[in-house]
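Asks:
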Amino acid sequence: MKDTRSSQGLPFMKMHGAGNDFVIIDSRGLPTATTPALAAALGDRNRGVGFDQLAEIRDVDGSDFALDFWNSDGSRAGACGNASRCVADFVMTGLGRDRVTFVTERGTLGAERRPDGLVSVNMGAPILDWAGVPLSDAVDLLHLPIEGDPAAVGMGNPHCVFFVDDVEAVEVAKVGSAIENHPLFPSATNVEFASLTGLDRLRMRVWERGAGITLACGSGACATAVAAHLRGLTGRRVAIDLDGGTLEIDWRDDGVWMTGPSAHVFDGWLTPAYLAEHA
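Quick note, the sequence shown lines up with residues 3 to 281 if you use my numbering.
1) Alpha carbon to alpha carbon, how far is M3 from T110?
2) Residue range of the alpha helix (DSSP H) that R87 falls in?
3) Going by the CB atoms, is the gap between S189 and D167 shorter than 8 Å?
4) Using DSSP bridges, identify the partner residues of R207.
5) Give me the DSSP bridge partner(s) of T103.
6) By DSSP, does S122 sit in helix, in strand, or in coil?
7) Can you tell me where the beta strand (DSSP E) with G247 in it begins and where it stops?
8) Between the Cα of G19 and those of E58, A90, D66 and P13, spot the shortest distance and give me the residue it belongs to.
9) Let me know the alpha helix (DSSP H) ranges lying completely inside the segment 122-186, each 4 residues or longer, listed in chain order.
10) Assign L97 to buried or exposed, taking buried as 16 or more other Cβ atoms, counted over all protein chains shown, within 10 Å of its Cβ.
11) Between the alpha carbons of A154 and G50, how many angstroms are there, rounded?
12) Decide if A42 is buried, meaning its Cβ has at least 16 other Cβ atoms within 10 Å, or exposed.
13) Note down, in chain order, each residue of its chain lying with its Cβ closer than 8 Å to the Cβ of A175, except the 5 sequence neighbours on either side.
14) Quick one: what's got a C-beta closer than 6 Å to F92's C-beta in the same chain, skipping five residues either side?
15) Should P128 and V228 be called a contact, given that it needs their Cβ atoms to be closer than 8 Å?
16) Can you give the beta carbon distance from S221 to N124, rounded, assuming they're within the 8 Å contact cut?
17) Does D54 pass the burial test, meaning 16 or more other C-beta atoms within 10 Å, or should it be called exposed?
18) Taking Cβ positions only, does P263 come closer than 8 Å to chain C?
19) Taking the C-alpha atoms as reference points, what is the distance between G134 and G156?
20) Counting along the chain, where does the alpha helix (DSSP H) carrying P38 start and finish?
21) Looking at the structure shown, is R60 part of a helix, part of a strand, or coil, going by DSSP?
22) Per DSSP, which residues does R239 bridge with? Please list them.
23) Going by beta carbon distance, what residues of the same chain come within less than 7 Å of S65, once the five residues before and after it are set aside?
24) Using the Cβ count rule (16 or more neighbours within 10 Å means buried), how would you classify E58?
25) Hey, out of G212, L144 and G31, whose CA is closest to D46's CA?
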């Protein structure tokens, strides 16, 4: 199919999951549209559309669709759980189904709509070896040699998880930005701060690499749940309260399942002039 989007404009959707907001571009049947320059321009909340991540849907053999993720600074993201849930909800509605499979850098993943309307996505098995996270040195993942005694977990993105007494007292921007590019994380890292607030319940705030403070982070919630269980703080099923809402995490034998709300906010068009300016 000929791609006429540059001359006619580029359609997109705005979606969010627990306040974690996304631009979604549907490129099924068409060439991919996103470049680092376009992603960075669109991510600007004053001169573009604004988002935490951009997700582009594309065709793939053997699954219902594939997803590529971009951060608001124009860098690539390896995983985005809430965007995956939002896109899965959109595609399931279009197909008239309650289950889909899709492909990301993590491989083939699955998603399903529960009877209560919430969407669950299997984010795959956590990465629990230092090279896979990745880290620059072979250290104890549950007790990194960083002030504050954080843990490291890979969920398609690297994560550095701090357990603190009072997450509300943490200067997330100050600490998160400092840890994001710590030498122990050669690909930079997302940074999570969590407090135990009840039986199998955590309060979490997050600094995402390439995006900064966000209201929620699905892969970060999964990483935090895994680290909390491995440290003996919780079971394998937890509720995580974030600034934008609550996510349910269930670390099963087949992967870490994450469940929460999704919302399709509006549809829009990027003008040909805007696309030409940011090609």
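Ideal Cβ positions, reconstructed from N, Cα and C, are used throughout, including at glycine.
Replies: From the atom records:
1) Position 1 of the sequence shown, counted from the first residue, corresponds to residue 3. Position 108 of the sequence shown, counted from the first residue, corresponds to residue 110. In this prediction, M3 scores a pLDDT of 46, lower than 50, which makes its location untrustworthy; no coordinate-derived value is stated.
2) Here residue 87 refers to the residue found at position 85 of the sequence shown. Segment G83 to L97, the alpha helix (DSSP H) holding R87.
3) Taking the sequence shown and counting its residues from 1, one reaches residue 167 at position 165. Taking the sequence shown and counting its residues from 1, one reaches residue 189 at position 187. In this structure, S189 does not lie closer than 8 Å to D167 by Cβ.
4) Walking along the sequence shown from the start, residue 207 turns up at place 205. In DSSP, R207 forms a bridge with F195.
5) Taking the sequence shown and counting its residues from 1, the one referred to as residue 103 is at position 101. According to DSSP, which records beta bridges pairwise, T103 is partnered with G112.
6) If you number the sequence shown from 1, residue 122 lands on position 120. Three-state result, S122: strand.
7) Counting from 1 along the sequence shown, the entry for residue 247 is found at position 245. Unbroken beta strand (DSSP E) run through G247: G247 to R254.
8) On the sequence shown, residue 19 is found 17 positions in, with the first residue counted as 1. The residue with the shortest Cα to Cα distance from G19 is A90.
9) 174-182
10) Here residue 97 corresponds to residue number 95 of the sequence shown, with the count starting at 1. Classification for L97: exposed.
11) For the purposes of this step, residue 154 is taken as the residue at position 152 of the sequence shown. For the purposes of this step, residue 50 is taken as the residue at position 48 of the sequence shown. Approximately 34 Å, taken between the alpha carbons.
12) Position 40 of the sequence shown holds residue 42. The residue is buried, with at least 16 neighbouring Cβ atoms inside 10 Å.
13) Residue 175 sits at position 173 when you count from the first residue of the sequence shown. Only W209, G214 and I215 meet the Cβ criterion.
14) One-based indexing of the sequence shown puts residue 92 at position 90. Counting only Cβ-Cβ distances below 6 Å, and skipping sequence neighbours, we find nothing.
15) To locate residue 128, count along the sequence shown from 1; it is residue 126. To locate residue 228, count along the sequence shown from 1; it is residue 226. Yes, they are a contact pair.
16) For the purposes of this step, residue 221 is taken as the residue at position 219 of the sequence shown. For the purposes of this step, residue 124 is taken as the residue at position 122 of the sequence shown. Rounded, the Cβ-Cβ distance is 12 Å, inconsistent with contact.
17) Position 52 of the sequence shown, counted from the first residue, corresponds to residue 54. Buried, since its Cβ has 16 or more Cβ neighbours within 10 Å.
18) In the structure shown, chain C cannot be found, because there is only a single protein chain.
19) Here residue 134 refers to the residue found at position 132 when the sequence shown is read from its first residue. Here residue 156 refers to the residue found at position 154 when the sequence shown is read from its first residue. Looking at the two C-alpha atoms, the distance is approximately 7 Å.
20) On the sequence shown, residue 38 is found 36 positions in, with the first residue counted as 1. From DSSP, the alpha helix (DSSP H) with P38 extends over P38 to G45.
21) Taking the first residue of the sequence shown as position 1, residue 60 is located at position 58. R60: strand per DSSP, three-state reduction.
22) Translated into positions along the sequence shown, residue 239 becomes position 237. For R239, which the question treats as bridged, DSSP gives the partners D252.
23) Residue mapping note: residue 65 aligns to position 63 of the sequence shown, counting from 1. Around S65: T103, F104, V105 and T110.
24) Stepping through the sequence shown from its first residue, residue 58 is reached at position 56. The residue in question, E58, is buried, as its Cβ has 16 or more Cβ neighbours within 10 Å.
25) Here residue 46 refers to the residue found at position 44 of the sequence shown. Minimum Cα distance to D46 is reached at G212.
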